[in-house]
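J.: Okay, handing you the structure first.
In our numbering, the protein residues as written are 3 to 116.
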């Protein structure tokens with residue numbers, strides 16, 4: 003994702019460690035301070051994405067390398083961030099949890115490298 007926009011990936015060691023809560027609170031606070039924050043969620047989780055969208059006051063997009071090629075994800079990312087000051091990407095499960103144990107495929111770490 004070569005777009006020249008500051009971004010932050012919120013990752014954790016596993017599911018249930020507070021990634022969504024921290025992402026929500028950070029987005030809400032930055033929005034209250036006048037920032038235009040573009041939220042993203044790694045993977046196909048639409049419930050967490052709906053919370054992040056509420057905090058940001060704008061749609062949250064899923065970044066899922068299981069379902070979309072990286073070129074498509076980069077297009078979605080760039081289009082969504084057109085008028086944003088910062089992108090916050092909430093990971094899923096643990097930072098390196100993905101399709102297989104021997105690679106980053108499908109993980110939040112893979113998204114961070116795009």
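The beta-carbon is built from N, C-alpha and C at its ideal position, and this holds for glycine as well.
These numbers were taken from a predicted model, which means no experiment stands behind them.
By Cβ distance, which residues of its chain are closer than 6 Å to residue 30, with the 5 residues on each side in sequence left out?
T.: 57
J.: Can you round the beta-carbon distance between residue 116 and residue 8 to whole angstroms, since I take them to be within the 8 Å contact cut?
T.: That belief does not hold up - the Cβ atoms of residue 116 and residue 8 are roughly 15 Å apart, past 8 Å.
J.: Look up residue 40 in the DSSP assignment and say whether it is helix, strand or coil.
T.: Per DSSP, reduced to three states, the secondary structure at residue 40 is strand.
J.: Does the Cβ of residue 35 lie closer than 7 Å to at least one heavy atom of the ligand MG?
T.: Here there are no bound small molecules, and the ligand MG is not part of this structure.
J.: Run through DSSP, which three-state label would residue 102 get?
T.: coil
J.: Among 59, 61, 78, 60, which has the Cα closest to the Cα of residue 67?
T.: 78
J.: Inspect the beta-carbon positions of residue 43 and residue 51 and report whether they are closer than 8 Å.
T.: In contact: residue 43 and residue 51 (Cβ atoms closer than 8 Å).
J.: In the DSSP output, what is residue 63 paired with across the bridge?
T.: 42
J.: Expressed to the nearest angstrom, what Euclidean distance is found between the alpha-carbon atoms of residue 3 and residue 19?
T.: Here residue 3 scores only 47 on pLDDT, less than 50, and its place in the model should not be relied on; the value that follows carries that caveat. Residue 3 and residue 19: Cα-Cα distance of roughly 27 Å.
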